[in-house]
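The sequence shown: position 145 = 455 (the working numbering), numbered continuously.
Below: one structure, written as structure tokens.
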Amino acid sequence: MEFRPCIDLHEGKVKQIVGGSLNDSGAEENFVSQRDAGYYAELYREAGLRGGHVIALGPGNQEQIEKALAAYPGGLQVGGGINADNAKWYIDKGASHVIVTSFIFKDGEFFLENLKEIRKVIRKENLVIDLSCRKKDGKYYVVTNRWQKFTNFEVNEENMDFLSEFCDEFLVHAVDVEGLKSGIDEDLIKKLSRWVKIPCTYAGGISSIEDVKLIEKMSGGRMNYTIGSALDIFGGDIKFEDVIKL
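Below is the structure:
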């Protein structure tokens with residue numbers, strides 16, 4: 311079980327937002343940093359943390375992405391607008407992995423041909439598939455379009471087994487609790503822990519060190535995790551130094 315840090319970018323700034331609130335008018339913000347992405351990347355590099363993700367939430371974030379990659383080459387994953395045309399560019403720029411979402415999940419559907427297309431330009435070892443999801447009728451489905459649109463792709467063992475043939479890791483935001491600092495999605499964590507055969511990072515709702523310990527207990531130490539809004543470096547109460555000591 312590893313702590314995977316994050317750098318979320320919105321309108322050219324490092325921010326923490328409430329997961330389902332992003333729309334054309336903006337987003338409900340928990341935190342807006344006065345520091346750039348390079349600062350956080352350097353912080354993670356100095357702490358020896360690998361596998362953190364830099365996520366561009368919409369346009370206007372390219373400069374910040376490049377600052378992060380320059381500060382920590384080989385140590386960060388990049389997501390947000392990744393497709394077959396730009397994936398290799400980010401790897402060449404220093405990203406350890408690219409994170410793909412909307413290129414393979416769009417218009418409510420899963421496009422296997424697009425997944426195969428992106429695999430033609432980068433190796434399996436450099437690809438993370440984002441399965442950020444929301445619950446509907448007792449099941450979890452991948453959501454896209456700023457986490458507003460449900461796809462018909464269910465997050466379950468069969469589908470994760472299939473996708474694991476194409477990628478190195480999964481990233482799963484529990485969108486219903488993302489950014490709320492109100493506790494984790496225990497049902498989702500239990501299910502992911504049973505289903506995944508490759509590394510998987512859970513994000514969403516962590517509000518305390520106790521939540522982290524609960525994730526470890528429920529997953530048997532198999533689930534990696536991300537803390538966003540609740541971390542002190544993003545205005546929260548959990549001390550970054552305490553997390554990296556776990």
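Ideal Cβ placement from N, Cα and C applies to all residues, glycine included.
Rounded to whole angstroms, what's the CA-CA distance from CYS316 to ILE494? Just pull it up for me.
Start at 1 with the first residue of the sequence shown, and residue 316 comes out as number 6. Start at 1 with the first residue of the sequence shown, and residue 494 comes out as number 184. Going by the C-alpha atoms only, they are around 17 Å apart.
If you check the beta carbons only, do VAL452 and HIS407 fall under 7 Å apart?
Along the sequence shown, one-based indexing puts residue 452 at 142. Along the sequence shown, one-based indexing puts residue 407 at 97. The answer is no: Cβ separation not under 7 Å.
Extent of the continuous alpha helix (DSSP H) run through ARG444
As a working mapping, residue 444 is identified with position 134 in the sequence shown. First-last for ARG444: 443-446, but that is the beta strand (DSSP E), not the alpha helix (DSSP H).
Apart from the five residues on each side of it in sequence, which residues of its chain come closer than 6 Å, Cβ to Cβ, to ALA381?
Start at 1 with the first residue of the sequence shown, and residue 381 comes out as number 71. Around ALA381: GLY348, ALA351 and GLU352.
Distance between GLU488 and ILE525 (C-alpha atoms, nearest Å):
Along the sequence shown, one-based indexing puts residue 525 at 215. Along the sequence shown, one-based indexing puts residue 488 at 178. Cα-Cα distance, rounded: 15 Å.
Whether or not the segment 451-465 and the segment 424-431 are in contact is what I'm after, with contact meaning three or more pairs of Cβ atoms, one per stretch, closer than 8 Å; do they touch?
no
Distance, Cα to Cα, ILE519 vs PHE550?
Mapped onto the sequence shown, residue 519 falls at position 209. Mapped onto the sequence shown, residue 550 falls at position 240. Cα-Cα distance, rounded: 11 Å.
Alpha carbon of GLY385 to alpha carbon of VAL364, nearest angstrom:
Working through the sequence shown from its first residue, we reach residue 385 at position 75. Working through the sequence shown from its first residue, we reach residue 364 at position 54. GLY385 and VAL364: Cα-Cα distance of roughly 10 Å.
Considering only the beta carbon of each residue, do ARG563 and ASN534 sit closer than 7 Å?
Outside the displayed span of the chain (311 to 556) sits residue 563, for which this structure offers no information.
How many whole angstroms separate the CB atoms of VAL342 and ALA397, which I take to be in contact at a CB cut-off of 8 Å?
For the purposes of this step, residue 342 is taken as residue 32 along the sequence shown, with counting starting at 1. For the purposes of this step, residue 397 is taken as residue 87 along the sequence shown, with counting starting at 1. Incorrect: roughly 29 Å between the Cβ atoms, too far for contact.
Quick check on the DSSP output: what are the complete beta strand (DSSP E) runs of length 3 or more inside the segment 443-478, in order along the chain?
443-446, 449-454 and 459-464
Considering only their Cβ atoms, is the gap separating THR411 from ASP440 smaller than 7 Å?
The residue labelled residue 440 in the question sits at position 130 within the sequence shown. The residue labelled residue 411 in the question sits at position 101 within the sequence shown. Yes, these two residues count as a Cβ contact at 7 Å.
Limits of the unbroken alpha helix (DSSP H) element including PHE550:
Translated into the one-based positions of the sequence shown, residue 550 becomes position 240. Unbroken alpha helix (DSSP H) run through PHE550: 550-555.
To which residues does DSSP link GLN326 through a beta bridge?
Taking the sequence shown and counting its residues from 1, the one referred to as residue 326 is at position 16. Note: GLN326 sits in a beta bridge opposite PHE341.
To which residues does DSSP link TYR535 through a beta bridge?
Residue 535 sits at position 225 when you count from the first residue of the sequence shown. DSSP, once it has assigned bridges, lists PHE313 and TYR512 as partnering TYR535.
Between which two residues does the alpha helix (DSSP H) holding ILE519 run?
The residue given as residue 519 occupies position 209 in the sequence shown. Element bounds for ILE519: 519-529.
ASN393 and PHE413: beta carbons closer than 7 Å?
Translated into positions along the sequence shown, residue 393 becomes position 83. Translated into positions along the sequence shown, residue 413 becomes position 103. Contact: yes.
Thinking C-beta only, is ALA357 closer than 7 Å to LEU379?
Residue numbering aside, residue 379 sits at position 69 when the sequence shown is read from its first letter. Residue numbering aside, residue 357 sits at position 47 when the sequence shown is read from its first letter. No, these two residues do not count as a Cβ contact at 7 Å.
Are the Cβ atoms of GLU339 and LYS323 separated by less than 7 Å?
Within the sequence shown, numbered from 1, the residue matching residue 339 stands at position 29. Within the sequence shown, numbered from 1, the residue matching residue 323 stands at position 13. Cβ atoms of GLU339 and LYS323: not closer than 7 Å.
Hey, could you find the ends of the beta strand (DSSP E) GLY589 is sitting in?
The requested residue 589 does not occur in the structure, where the chain is confined to residues 311 to 556.
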